[in-house]
Structures are given as structure tokens and as C-alpha cells.
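See below for the structure under consideration.
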Amino acid sequence: MSAKKEDHSPFQHKTREGMRILIIAMTRMGDLFQMAPMVASLRERHKGCRIALVAYREFGEAAAGLALFDELYLVDALALRKMIFDDTVSFRDKIRKVKEMSAKWSGAAVDLLINLTPNRIGAVLGYLVGAREVRGVTLTRDGFRAFLDPAIAYFGQMVQNRLYNDTNLVDLFLRVGQVPPPQRLVLEEKMGAQDSGLLPEGRTWVAVQTGASVEIKRWPEHAFVRMIAHLLSREPDWGVVLIGAGAEEVSRNRRIVAALEDRWSAGRILNLTGQTSVSDLAGVLRRVARLVSNDTGVMHVAAAMGTPVVALSFANLYYHETAPYGEGHVAIQSRRPCAPCGLDAVCLNPLCRQEIDPEWVARLVAALGVGERSGLGGEGSEERLKAQRESLLSFLSESPPGPQILVARSEFDGRHRLLYRPLTRYPMGVEDLFRALYRQIWSMETGALVDWEGQRRILLEDFDPSGLPRSAWEAVRLQALELGGMFREGESLCFSISQALSEGEIGEAGKEALSRTASSLEELDQKIREKGWVAPPLGPVTTLFGIEKEAVAIDDPLRLLEMVESIGKVYRQGVLRVDRLIRLADRWFSENASPVEKREQDVKSKGLRPMAERALHG
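Per our numbering: the sequence shown ends with 620, consecutive numbering throughout.
This is the structure:
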């Protein structure tokens, strides 16, 4: 699997041999698998480097089996949380214990620290590492989180604004690590290279992963039974191999086999649940034609092996974030307004799982065929991608998934960033448009030029814009104009404080004036936060503002003027984002307005334009 040769990173890198790189990733197990491309690219950049990982102990076996890291440092998550929130332990003792724990990995010299843990615990642990260079998250000297790259700040905000994000975590980790997509994946080279011999020859095998971390993220057991039964009925030369680990999955898959094994001759259903190491699993996944899986870490191993995945995304899982990396994968998710759930939501009626027809999934898997592998792009991939897409579109035209089911397929855009595109043209919603607009805005912040025509083409191919009239934007536009005014006011207040501080000694009257201005800034910040609640499409801007402002450090009270100027730049960044959002949205609705809307727009523009421009430019 070869990728494009161009360097897509906006950074100029210095490569050093023998570097010691430390990655702190105390997050979900799936995130460990999605780090694989970043780690692969780091090894390509820094020949002979040693890469160590700090992760939670419960993921230690999986991390060791990945063959990605030279050293592993495992943290007992439960013990750490219990100690931190234990009121009987003094603050001094907490600091001492955290330092003792981190000494295991921070004792040796670290050339590069990449901290992918955006919470405060992760920031503290990153701060305690005396690395020559730090990327990701650290702690300011006054105790606040500092996000050292816009990408890690984006990571912090996207959890709260998921419907307006289409950035896969793999691309995000690549951006935080400041490396381009790899030429090849480490997993493909180091794992699964040897045939484990677990799969008999003479059949086309499809792997099925029925497990997930919690029940609501799993497709029901009976649905898997029906899907497998229909697939084996349609394809007499195919077999199904059940994979997974843990007592619960072993029991579940035994029940599935018991419900199926009397219908077909022996050897068509193979149950390897609980019988494979991570390396063995990689070998199995390399052999199979395709994996059908709930959203779990296993699907990322399959993607690293070049095996196409059909990913079933339920509950609070969002395919844009966590679907497999590489082209040629398929994600299935509900289109209901409640999908995906909130991260802390409790659902008593999981329609997102119930509405997917198992027999339809079986037909989809069969229609995808065999012989094609997923990959990182490269020579000939565009032609293959087009042919595969046409085949899928033909199937979906004959067997539509249902009005509430979304089917998306992965490909790389012109900047080699992963993009899952729907295979059925749906009515455009507000979230669909603003995901695309923010994709352009974030690209601009990394120095890329706006690819408006390319983005417009994709939107028109994927969605029916008649479902989103300009009136849906006008209400948000008014809120955006007000938000831009708030950011300008904040920038102006910071400028007035800077002027007062630069004039030298401040008298009592001046101190009172500064205090009133500081209070005005606090009130303004609250209004900015509320604007993101009132107008959710503006949430990415308001949330990112809060994160970036928190990261402004007070390293030295004597450098107060510098701090105020830095805060002023955060407000200025908010102004730029809102301005770009308004201009892009206006352009979209201007170019795609219906004839009636165009006539109405012409009538209104003469009276509204002067007022809007005054509000926009102050």
C-alpha cells in the first residue's frame, strides 16, 4: 500500500537519528489503534528512533501486541483517579505520587514528547516530562492547559461539537504529530506477515466482530445471526470467522454458532473468539476478504492490514471521527435526529441498531465482492475508487438502505485527508453544510488555500441542497454577526488594557478602570459561550475560543502586558473565524439559491447590505 509521495505537512522537519520519542495517550483503546499511521510516519521521518508509549494498564496487552512501540509504561487508571479525587490525600502527597509515577518514563532524556491526552491529568503528566520539544498538550506555569498546536485544541472542541466535525482521529493525530501520512503502516509490516494457519484454504472468508465495550454500541445478537445466515445462503463458497476476546464475547459467539451450525456443512463457520493474540488476529484479518464489525479497535487493526471494513456505528459513536482509516471502507449509521447520542446519554429505545436490516447488510457485503484491498491511496487508486463507488451505487439503487440509514464510503481528498462520503444523495441539513464550511476554515488556518470549487462539487454530489433554504441560514447569520461583534469588543477591551499597562505606573483610578474592564471581559466571555449554545452551528468557534484563551499562560506577573496582548490575539482569531464562516456560507447560498430565493435576495440586498457590512466590519 503506497501513498502519495508529496509532503502534505505544512511544517519543515528536522530529522534526527536515534531520537527518543514519548507519546502520552491515556484515552480509549481505539485511539491507540488510530495512532498507528502517526507512529509509522514518525519512524519514516526519524530513522532509528525509539518510541515509548504511556497508556492505561487495561489496554496494555493490546498496546504490546500492536508492535508499534519500543517501550510501554502502563498507568493504573482506577488507582490514579481514586488518588486524585481522594480528599484524605493532601495536595502535596498527590503531587509527590504523580511525580513518582511519571519518573518511570521521564527519567531518561526525551527528545520529543507528543501528548495526545487533552484532559488536565494528561496536561500535568506532560508538564513533568523534560522534553526538548513538546507537541500536543502541556500545562502552563499557572496551572492551566496549554494546547501547543491548533489541531490539539480542535481535538478538545470537537467532542462538544461533533455534528460539525468530519475530521478522522487519524488525520488529527497526524496533524498533532506534525507528520504527513505514512508511506506504509507499521502494523502491516510488523504484524500479520506470517500466515497463522488458523483459516483453512479453499474458501473466501469474512470476519465478523460482534463485541463492543458496552451493550448499546453492539448490533443485537439476533441481527448477526440473520446477517451471517443470509450471507452464507447467498455465497456457497464463502465462510464466516467469528473473532473477539473476553468471556462475554466468547459466550455470545458460542450462542451464534449454535444457532447456525446445523444449517450448513462443517467448516463454513469458524469461531476463533478468545483464541488469538493481537498478532494472530492481525494475521487472520490479513487473510479475510472483509470485516463486518461494530465500532471497535479490531476494525482499525483490519484497516492496518489492508482489509476493507463494513463498520456498524451505534449510540454515541460517530463514524466521521472513528471509522477506519484508508480508502474503500464502508460505514453505516442512523440518520435519525438523535444520532449519534450525546456522550453521556442513556437511550431506552435504540432505534439506530434496530432499523438496520441484517439481510440487507449481507447483500451489501456480497455486493462489495472480493479481491480489493483498502489502502492509503497512491497510483491507480483513483480508478479503483471510482469503479468501487459505481458498484456500490448500483447496489444501493436496487436495494436502498431505508430513509433513516446512512451509508458512507471512505476516500482521500485532494490534501490526502480522509473523508467519508454518503453513497445516497440525501436532503442537505445544516450540519452537513457547516461540516464542509468548517473543513475549509480549519484548512485555511494550516496555511492551505480554500478549495471552494472542489468542496462545492462534493456537496452537490452528496446532498440535495433544496432541503436547506437560505432562511435556515439567515437566523444563524444574525447570531454570527453578533458573535463577531463580541469578539471585536473583546479585542478592543484588551487593547485598552494594553495601552493602560504600557503607560507605566497606574494610579488608583486607573486600577479601578482596569478592574471594570476585566469584569466586562468576563461578562463578554460568558455571552460568547452562550452564543454557541443558542446557535449550535457557531459552537466550534465559541468552544475553541474558550480553549485557546485558557491556554494563554501567566508565566511571570511582570509580563502581564504580553499576556493581555496574547488574549487580544485570541479574540482576533475569533473575528477571523466568524468572518470566514459568514463569507463562505453567503457564497454557498448565493450560488445555490433557488430562482424564487434569488429574486427575494435581489430585493432585500439593497436595504440589508449596508447594515450587514457595518455590523461585520464595525
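Glycine residues also receive a C-beta, built at the ideal position from the N, C-alpha and C atoms.
Boundaries of the beta strand (DSSP E) in which residue i is found, first to last residue
i	result
residue 245	240-245
residue 113	112-117
residue 444	Looking at the DSSP string, residue 444 is not in any beta strand (DSSP E); the run it does join, the alpha helix (DSSP H), is 432-447.
residue 412	407-414
residue 138	133-141
residue 335	332-336
residue 313	311-315
Proximity to residue i [Cα-Cα], best of the options
i	options	result
residue 332	287, 349, 343 and 387	387
residue 112	86, 88, 130 and 307	130
residue 110	505, 53 and 458	53
residue 351	361, 412 and 340	340
residue 417	400, 448 and 549	448
residue 369	328, 454 and 398	398
residue 265	230, 277 and 287	230
residue 425	438, 403 and 31	403
residue 243	249, 258 and 236	258
residue 272	37, 356, 256 and 529	256
residue 474	455, 527 and 588	588
residue 142	544, 152, 122 and 577	122
residue 414	328, 297 and 20	328
residue 269	228, 205 and 326	205
residue 310	361, 274, 362 and 366	366
residue 179	236, 211, 147 and 117	117
residue 389	371, 285 and 172	371
residue 580	436, 595 and 463	436
residue 363	347, 312 and 491	312
Cβ neighbour criterion (16 or more within 10 Å) applied to residue i
i	result
residue 29	buried
residue 71	buried
residue 232	buried
residue 521	exposed
residue 3	Its pLDDT being 37, under 50, residue 3 is placed unreliably in this model, and the value from its coordinates should be taken loosely. Buried, since its Cβ has 16 or more Cβ neighbours within 10 Å.
residue 612	exposed
residue 216	exposed
residue 454	exposed
residue 49	exposed
residue 480	exposed
residue 224	exposed
residue 510	exposed
residue 649	Not covered by the structure: residue 649. The range shown for the chain is 3 to 620.
residue 220	buried
residue 323	buried
residue 83	exposed
residue 9	Because the pLDDT at residue 9 is just 41, under 50, the model does not fix this residue reliably, and the point stays unresolved.
6 Å CB neighbourhood of residue i in its chain, flanking five on each side removed
i	result
residue 160	167
residue 78	59
residue 337	406 and 408
residue 20	50
Residue i: first and last residue of the uninterrupted alpha helix (DSSP H) it sits in
i	result
residue 401	It is not in any alpha helix (DSSP H) - residue 401 carries neither H nor E in the DSSP assignment.
residue 568	562-593
residue 422	Not the alpha helix (DSSP H): residue 422 falls in the beta strand (DSSP E), residues 420-424.
residue 171	171-179
residue 624	An answer regarding residue 624 cannot be provided, because it is not within the stretch 3 to 620 covered by the chain.
residue 281	280-289
residue 259	249-262
residue 543	541-552
Residue-chain proximity (residue i, chain D), Cβ-Cβ < 8 Å
i	result
residue 546	Note that chain D does not occur in the displayed structure, where there is just one protein chain.
For residue i, the three-state DSSP class (helix, strand or coil)
i	result
residue 220	coil
residue 211	strand
residue 58	strand
residue 393	helix
residue 97	helix
residue 226	helix
residue 71	coil
residue 156	helix
residue 129	helix
residue 500	helix
residue 203	coil
Sequence-distant residues of its chain with Cβ nearer than 8 Å to residue i (five each side left out)
i	result
residue 550	149, 155, 572 and 575
residue 302	32, 35, 36, 38, 326 and 327
Cβ shell of residue i (< 7 Å), same chain only, five flanking positions each side left out
i	result
residue 343	317, 318 and 349
residue 181	11, 40, 43, 44 and 47
residue 503	562, 563 and 566
residue 64	31, 34, 280 and 299
residue 582	443 and 446
residue 433	165 and 166
residue 107	24, 54, 56 and 75
residue 519	495, 498 and 499
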